[in-house]
Every structure is written in structure tokens, then in C-alpha cells.
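Quick note, the sequences are listed as chains D and P, same order. Counting in the numbering used here, the first sequence runs from 2 upward without gaps. Counting in the numbering used here, the second sequence runs from 66 upward without gaps. A virtual CB, placed ideally from N, CA and C, is assigned to each residue, including glycine. Written below as C-alpha cells is the structure these notes are about.
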Amino acid sequence: MTKRQMYMKMLLSSLLRRRSRMTVALLAIAIGATVLLGMMTITYDIPRQMGREFRSYGANMVFVASGKDAMLKLTDVEKAAALLPQESLLGVAPYRYEAVRSNMQPYTVAGTLFDQVKKTSPYWNVEGGWPSEENELLIGSDVAEFTRLAPGNTMTITGRDARQRRFNREMTISGVVRTGSVEDGFLFMRLDTMERLTGRSGEAEVVEVSIAANEAELSALAARIRERVPGITPRLVKRVTQSETSVLSKLQALVTLVTLVVLVLTMICVATTMMTVVMERRKEIGLKKAIGAENRSIVAEFLGEGLCLAILGGLLGVVFGWGFAQTISMNVFGRSITFNFALVPVTILTSVVVTAAACLIPVRRATDVEPALVLRGE
Amino acid sequence: MFCQMLKGALMRQKGKLSMIAFTMALGVSLATAMLGVMMDVGDKVNQELKTYGANLSVVPRGTSFLSELYELEEEDGEDTAPNAANAQKAEKYLAEDELVKMKMIFWAFNIVDFAPFLETAAVVGGQPVTLVGTWFDKHLDLPTGESVDTGMKRLKSWWDVTGEWCRDDEDGAMLGQNLAAKLGLKAGDFFEAATPDGAGRKRLEVRAIVNSGGKEDDQAFVPLRLVQDMSNRPGLVQRVDVSALTTPENDLARRAAQDPNSLSRKEWDTWYCTAYISSIAYQIEEVVTGSRAKPVLQVAESEGAILRKTQLLMLLLTVLSLICSALAISNLVTASVMERSSEIGLLKAIGATGAAVALLILTEIVLTSMLGGTAGYFVGLGFAQIIGRTVFGSAIAVKGLVVPLVAILVLLVTLLGSLPAVRMLLSLRPTEVLHGR
């Protein structure tokens with residue numbers, strides 16, 4: 002039997018014979034690795050996930066026309082939208098405003114794409130329904146209060162088209178929108194309805210864009226649009242972008258610190274458990290020394306055992322840690338977590354280092370002592 | 066006899082038991098820190114979210130619609146003059162001296178900042194300009210003897226200001242960047258503003274240029290007093306923006322927002338005494354005559370959503386890391402009991418019953434963990450403070466509830482953690498153990 006075969010045999014039998022002890026040690030390492038991988042994945046993914054949540058504040062970029070033009074062209078808007086990263090683009094909602102009258106009262110009516118508005122302004126509180134038919138109208142809550150109109154009623158609006166001819170149209174109110182700001186005093190209709198009424202199309206006054214990105218990325222995107230699409234001037238909505246950056250960085254710092262504290266404590270817990278398991282075997286070390294084993298070979302054996310446990314525990318930790326992170330992500334954000342595969346080797350390496358350190362300390366202490374003393378139990 | 070054995074065991078195995086105590090201390094400090102941070106994270110994040118600005122807008126009852134109408138007519142271009150005059154005449158106002166009452170409502174402490182606004186059309190160098198009168202950094206003395214500082218400086222923390230903030234008692238102005246570019250003015254310049262009818266005329270110094278990324282970029286902000294003088298509307302304001310700390314809305318709050326009278330007496334009390342945005346709005350309407358407080362949904366709704374997510378995230382992180390530390394601790398307890406199997410075997414061999422041995426071991430471990438737990442609690446308080454200071458720049462208020470929670474946790478974890486160990490030692494056969502198998 003060669004030395005290597007003997008070593009493997011000792012390692013294997015040591016792992017198998019002492020099943021309950023080894024389970025305890027393996028469990029400790031696996032728990033440590035689970036926390037490690039889970040927390041690191043969450044810390045890594047939090048900005049992206051939270052960033053999506055912050056989009057509920059509404060548009061963080063608006064497009065306005067460049068220069069003296071009051072209107073921007075929808076073809077330019079399409080070009081600009083194509084320059085934005087599609088996976089993080091939530092919505093692009095154009096708004097076009099017209100002055101109309103109803104019952105002699107002047108109103109501002111906005112034409113827009115409602116399926117995009119739902120994405121860019123998720124905070125709109127609509128009582129009744131969103132307009133889906135062509136002659137449906139959404140009215141602001143102040144207008145509703147002033148006119149005493151409710152969803153289901155009709156409202157006749159008059160105005161002038163592009164060639165200054167009067168138009169007159171009876172619209173059905175599909176719902177009442179409440180936002181607490183200027184929208185409460187507006188009327189809203191579908192953009193294509195407005196285009197047909199006014200006889201002008203392909204234009205908008207302002208376009209609201211909601212992108213899941215931080216302030217620096219947004220500035221870069223804005224610069225690119227300004228350069229490639231000269232008809233559009235993109236502007237960042239400072240209130241939203243700047244506040245998002247400050248709050249998000251705080252949240253990230255919070256999660257990072259919490260992770261750090263949890264990691265340090267868990268690693269120490271793993272180490273103490275490993276030390277207890279190894280300390281128990283002082284007698285065995287003494288006996289081996291007494292029958293002529295070198296310190297080096299004893300250390301090598303314990304390290305070998307530790308390594309096996311660490312790799313196995315680390316692998317278990319990777320699986321459970323992914324589950325841990327996924328559970329949190331699904332519960333909190335309702336979205337699947339992005340898994341960073343670079344964390345797998347990091348987790349396994351950390352388990353190996355912690356386990357090795359936790360083995361070495363008690364083994365060193367045991368090997369340094371005279372075998373007779375250890376065997377006697379002192 | 067039991068006490069003596071206990072004492073002996075504790076003294077003899079100082080090393081091993083101190084390791085349990087140490088691990089316990091770590092686990093408990095983790096629990097304390099996480100629970101402390103989790104319970105306070107709502108308040109802290111709420112405070113941070115105030116950077117999004119006002120979540121309540123207070124306007125005179127019944128006229129909010131007309132004032133916006135006025136703004137529209139200007140854009141329209143058709144028959145501006147008569148309508149504008151009509152609108153101005155029909156306009157209702159809030160009284161400036163009543164605003165201080167907002168800091169005296171039930172939820173006064175939740176009202177973080179507020180600023181009033183009064184707009185007037187003006188002409189500067191032949192160009193029409195909207196002058197907005199407001200408080201920049203106003204000092205108010207409450208009848209209760211307290212004092213508050215509030216105003217735009219706190220409310221619009223995202224503003225990028227080039228120059229000095231304007232003071233409330235000087236003839237200064239802060240110009241939006243687009244307006245400043247249009248008028249060709251920069252900080253330090255003087256300009257003359259007059260109302261369209263020429264009645265009010267003021268010479269103002271540009272204190273700062275503001276970049277806000279919103280419609281404020283086209284406006285000029287001046288002290289409230291100036292606009293009141295120029296447009297002859299002394300002591301009046303058109304609108305007040307209020308930034309308040311609120312509790313996320315629930316069904317009760319939503320029902321109350323529709324109609325506070327639909328609630329039963331008990332529900333009404335709960336609603337009135339919770340910092341829902343609707344109840345704060347209601348209380349403001351109570352104290353400011355003829356006012357209507359509208360939640361700004363863009364800010365209010367999103368705040369609620371983000372607060373809930375953050376709290377849920379911290380709760381889940383806390384629960385999961387507590388489970389992990391509980392597992393780690395019970396694992397260690399098992400390991401340390403296993404290590405002592407020969408001692409236990411000996412005890413059993415000389416006639417100790419399983420129950421007696423289990424009691425001895427359990428008492429030992431519980432005593433040790435209590436000791437470790439107490440130490441860990443204080444370390445955990447330290448961790449919580451470190452997190453609070455580094456992240457939010459303010460201390461974390463650890464709630465009293467944390468102490469019993471942690472104590473129960475320690476007891477539960479130790480006892481449950483010892484269960485597998487106890488089961489194992491009850492099944493130990495003395496001869497086998499002593500033989501070394």
C-alpha cells in the first residue's frame with residue numbers, strides 16, 4: 002500500500018466512521034455558505050430590484066423639442082427610444098395638449114397612449130376605467146368635481162383643428178383620474194382620437210420616459226440621444242433621479258453593512274463548530290503521535306478532511322443560498338433574482354479558507370503538546 | 066449535590082463552555098442588531114424619502130380648479146385679459162398666519178416641512194415672468210413656545226443652486242435656469258420687476274440660479290412678502306406644499322379617504338390617530354380655514370410602496386439570518402455534547418438516570434447561553450448603532466420590544482438546539498462509550 006493510498010483510506014474511513022460528527026461539521030459549513038452566497042447575491046442584485054420599485058415615482062426623463070419648435074416629431078421619438086436599452090425601458094408616453102371648450106368652459110385636453118401611461122405613471126388613481134374606445138375620455142378629479150360628471154356620462158367638447166375649423170364631438174367619460182397634482186384639472190383622450198379631431202398627426206409636446214437606470218447612466222443616455230437625434234432635447238427629471246440616487250445608495254449601504262455583519266458572525270460560528278469537532282479528537286492525535294506520526298502528516302490528514310467537508314458544504318451552500326436569495330426576491334419584489342456565477346467559486350473558496358483555519362488552530366495546539374499529556378487527558 | 070456538580074462542570078470546562086457562550090453572544094448580537102435595524106428602518110427610510118418633496122398640497126377649497134384654469138388661459142392666447150382678470154377676482158386664498166397651526170395638529174411632529182406659494186404675473190425687461198412668492202428659510206414661533214424652521218431650502222433638497230439661498234427679509238430672487246438664460250441674468254445682477262398694470266414695482270437682486278429639471282426652471286422665486294406687496298394681497302397665499310412622514314395606506318385609510326363619515330366610531334379613532342396621509346390631510350383641513358389638502362399621489366403612493374418593500378426585505382433578511390444563526394448555535398451545542406460522551410457515559414455507569422444527566426447538561430448550557438446572550442445583546446446594540454450611523458447618519462432607536470424577543474429566542478434556540486444532543490445522550494450506552502466506540 003503506497004503512502005497516498007493509505008492517506009486516502011484514512012481520510013475516507015475517518016469521514017465515514019464518524020458520521021454524526023461529520024454531519025454536524027458539514028451542516029455548519031453548509032449554513033455558513035448558504036448565508037454567504039444568499040446575502041452576497043441579494044446585495045449584488047438589490048440596486049437593480051429596488052431601482053425597478055423606484056420607477057413607481059414616474060418618469061425620470063422627458064423629451065422636449067429642440068430649439069424653438071414647440072412640438073417634437075413622433076418619428077424622432079421612436080428613433081430616440083430605439084437608442085435606449087430595451088430591457089430596462091419601462092415606458093415611453095407622449096403627451097400632446099390642446100385647448101378645448103365644453104359648456105363654454107375652457108379645458109386642456111391631453112392626447113396620450115394609455116397603455117404607456119399605465120407604465121410610466123403607475124400612481125394614477127383611476128376610478129372607473131381607462132379609455133379604450135375611440136370616443137372615450139378620462140377626466141381629472143377636479144374637473145369631475147366642478148362639472149359634477151361621473152364615469153358613464155357624456156361630455157361634448159368643441160375646439161379648432163389645424164385649419165382653424167371648429168370641431169364638435171360628444172365623448173363618453175370612461176373614468177376619473179386622481180393624482181393630487183396638475184393632472185386633476187386636465188382631460189385625457191387617446192392620441193389617435195386627438196389626431197383625427199385636429200387633423201394633425203405625428204406630433205407631441207412632451208414625452209415622458211421611465212427607465213430603470215441610475216443618474217449617471219441616464220445622463221449618458223441623454224447625451225447619446227442629444228447627439229444622434231437632433232430634434233429632441235432629453236432632460237432628466239431631477240427630483241426623481243437625484244432622490245432615487247440618494248435613497249438607493251443608502252439602501253444599498255444598509256444591505257451591504259448588514260451582510261457584512263451577518264457574514265462575519267456566521268463565519269465565526271462555523272469556525273467555533275469546526276474547532277469543537279476537531280478538539281474532541283485530541284486523543285486520536287496523541288495516539289498517532291505516540292505511534293510515530295509526524296506533525297506534518299497529522300496536519301495534512303485533518304486538512305484533507307476539512308477540505309472535503311468544505312467543498313461539499315460549499316456546494317450545498319450554493320444550492321441553498323440560491324434558494325434563500327430567490328425566496329427573498331420572489332417574496333419582496335415578485336421577480337426572479339439574477340444569479341451571479343462568479344459568486345460560486347468565491348463561496349467555495351471562503352468555506353475552504355474558514356474551515357482550514359478552524360481546523361488548523363486546534364490541531365496545531367494538539368500536535369505541539371507531548372503525546373503523553375494529551376493521552377492522559379490534560 | 067446538583068449545584069456542586071453544576072459548579073464543578075462549569076469550572077472544569079471553562080474553555081468549551083466559553084466557546085458556546087461566545088457563539089451564543091455572536092448569534093444574539095446578530096439578532097439584536099437585525100431586529101433593531103428592522104424595526105427602525107421604516108422611520109429611517111421614510112425620512113430619506115422626504116427628498117422626493119411634498120406629499121401633500123393644500124389649496125383653498127373649491128378654487129384649485131380655477132387657478133389651473135388661469136394658467137391654461139395664458140397659454141391659449143385667445144381672450145387672455147378678461148379671463149385672467151376674472152380668474153384673479155374669483156380666486157380664493159389661504160391666510161398666511163394660519164399656516165403655523167399645521168405644526169399644532171395631532172400629527173404635528175410628522176409634518177417635516179412646508180412652504181406657501183403666491184404667484185403673480187410680472188414684467189421684467191419687457192418679458193412676461195411668473196413671480197412665485199414663498200418662504201426660503203422661515204423661522205416660526207409657535208404659540209406653544211416651540212419654534213420651527215421651514216421653507217423651500219428643506220423642501221426642495223434636490224435643487225441645484227448656484228449662488229446663495231435667498232433670505233426671507235431681503236429684496237432678492239432665485240431664478241430658474243431657463244428664465245435666467247432668457248433674461249440674460251446671473252447671480253449678483255439686479256433687475257426690475259413690475260406687475261402688468263404697473264402698480265407694484267420692485268428692484269431685485271439675483272441671489273442664485275436654480276436647476277430643478279422641472280417647471281421651476283422657468284420661474285422666479287422671491288420672498289412671499291414681496292409678492293403680497295406687489296399684487297396687493299397682504300397676508301394671503303395660494304397654495305402650501307407640505308412634506309409629511311406617513312404610514313403606508315391600508316384598506317381603512319382608503320375607505321377614510323373616500324369619506325371619513327363612513328367609518329364607525331372605533332375605526333374613526335384608529336384612523337385619526339394613525340399617520341395615514343388621509344388623516345393628516347383631514348387634520349390640516351380642520352385647522353386651516355377654507356382649505357383642501359390633497360395627497361400628491363406620485364409621492365405618497367410610491368413612498369408607501371417603497372417603504373413596504375424595504376420593510377419586507379429587512380424582515381425576511383432578519384428572519385432568515387436568525388434561522389441560520391439558530392441552526393449554527395444548536396449545531397455547536399450538539400457538537401459540544403457529543404464531545405462529552407465519555408463523561409456522560411461514566412455518569413451513567415455509576416448510576417445516574419438519563420433525566421438527571423439531561424437536566425445537568427441543559428442547566429449548564431442554558432446558564433452559559435444566558436451569560437453569552439447578555440453580552441451579545443450589548444454588542445448587538447453597538448452593531449445597530451454602527452449601521453445606523455454609517456448608513457443614515459443618525460442613531461437607531463432600538464425598541465424595548467427587542468429585549469423580550471431576544472430573550473425568548475435565546476431560550477428557544479438553546480433548548481431546541483440541545484434536543485438532538487439530549488436525545489443522543491439518553492440513548493448512549495455507558496459501556497460502549499467508555500470503551501471508546
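Have a look at the DSSP bridge pairing and note the partners of D/Gln106.
D/Ser103
When you compare only the Cα positions, how much space is there between D/Ala312 and D/Thr267?
Here residue 312 of chain D is Ile; the residue named in the question, Ala, does not match the sequence. Whole-angstrom Cα-Cα distance: 17 angstroms.
Proximity below 8 angstroms, CB of D/Arg236 to CB of P/Leu362
no
Along chain D, in chain order, which residues have C-beta atoms closer than 7 angstroms to that of P/Gln363?
Tyr58, Gly59, Tyr124, Thr180 and Ser182
Beta-carbon separation of P/Ala285 and P/Leu240 under 8 angstroms?
yes
If you check the beta carbons only, do D/Val238 and P/Gly118 fall under 8 angstroms apart?
no
Can you confirm whether D/Val300, when its beta carbon is compared against all beta carbons of chain P, has any partner nearer than 8 angstroms?
no
Please look up how many angstroms separate the CB atoms of D/Met172 and D/Glu137, rounded, as I've assumed it's under 8 angstroms.
7 angstroms
Using a beta-carbon distance cut-off of less than 8 angstroms, what residues from the segment 254 to 281 of chain D approach chain P?
Ala254, Leu255, Val256, Leu258, Val259, Val262, Val263, Leu266, Thr267, Ile269, Cys270, Val271, Thr273, Thr274, Met276, Thr277, Val278, Met280 and Glu281
Using only alpha-carbon positions, find the residue among P/Ser483, P/Trp224, P/Lys464 and P/Ala238 that is nearest to P/Thr428.
P/Ser483
In whole angstroms, what separates the C-alpha of P/Leu91 from that of D/Ala31?
18 angstroms
Under 8 angstroms between C-beta atoms, does D/Ala29 make it to chain P?
yes
Cross-strand partners of D/Ile140 (DSSP beta bridge):
D/Val177 and D/Leu188
Cβ neighbours of P/Phe255 in the same chain (closer than 8 angstroms, five flanking residues each side left out):
Arg268, Leu269, Glu270 and Val271
Assuming D/Asp143 and D/Ile338 form a contact by the criterion Cβ under 8 angstroms, report the distance between their Cβ atoms to the nearest whole angstrom.
Rounded, the Cβ-Cβ distance is 43 angstroms, inconsistent with contact.
Would P/Asp109 be called buried (16 or more neighbouring beta carbons within 10 Å of its own) or exposed?
Sequence inspection shows Lys at residue 109 of chain P; the Asp mentioned does not correspond to that position. So P/Lys109 ends up on the buried side.
Are the beta-carbon atoms of D/Thr44 and D/Thr242 separated by less than 8 angstroms?
no
DSSP three-state assignment for D/Ala145, whether helix, strand or coil:
helix
Tell me, please, whether the CB atom of P/Phe443 is closer than 8 angstroms to any CB atom in chain D?
no
If we define contact as Cβ-Cβ less than 8 angstroms, is P/Asn175 a contact residue for chain D?
no
Using the Cα positions of P/Asp533 and P/Thr195, report the straight-line distance between them to the nearest angstrom.
A query on residue 533 of chain P cannot be resolved here, the shown segment of chain P reaching from 66 to 502 and no further.
Leaving out five residues on either side along the sequence, give the residues of the same chain with a beta carbon under 6 angstroms from the beta carbon of P/Thr433.
Leu82, Ile85 and Ala86
Simplified DSSP state of P/Gly465, which is helix, strand or coil
coil
Once you ignore the five residues that flank P/Leu220 on each side, which residues in its own chain have a CB closer than 8 angstroms to its CB?
Gly118, Ala119, Asp178, Phe179, Ala180, Asp306 and Ser308
Following the continuous beta strand (DSSP E) through D/Asp116, name the residue where it begins and the one where it ends.
Segment Phe115 to Thr121 is the alpha helix (DSSP H) holding D/Asp116; no beta strand (DSSP E) there.
Within 10 Å of its beta-carbon, does P/Ala187 have 16 or more other beta-carbons around it, so buried, or fewer, so exposed?
buried
Chain D contact for P/Asp141 (CB, 8 angstroms cutoff)
Note that P/Asp141 scores a pLDDT of 41, beneath 50, so its modelled location is shaky; the value from the coordinates is reported in the next line. Yes, contact with chain D.
So, P/Leu491 versus P/Ala74, is the Cβ gap smaller than 8 angstroms?
no
Test: P/Cys338 CB closer than 8 angstroms to a CB of chain D:
no
To the nearest angstrom, report how far apart P/Ser386 and P/Ala393 are at their CA atoms.
10 angstroms
Measuring CB atoms only, is the segment 69 to 78 of chain D touching the segment 389 to 408 of chain P, in the sense that at least three cross pairs come out at less than 8 angstroms?
no
Complete runs of the alpha helix (DSSP H) confined to the segment 238 to 319 of chain D [at least 4 residues]
239 to 280 and 283 to 291
List the endpoints of the continuous alpha helix (DSSP H) containing P/Pro193.
No alpha helix (DSSP H) holds P/Pro193; the beta strand (DSSP E) holding it covers Gln192 to Thr199.
Would you say P/Cys389 faces chain D, with C-beta separation under 8 angstroms as the test?
yes
Alpha carbon to alpha carbon, how far is D/Val263 from D/Met41? Give it in angstroms, no decimals.
11 angstroms
Quick check for students: name the residue ranges of the alpha helix (DSSP H) that lie wholly in the segment 197 to 242 of chain D, counting only runs of 4 or more.
216 to 229
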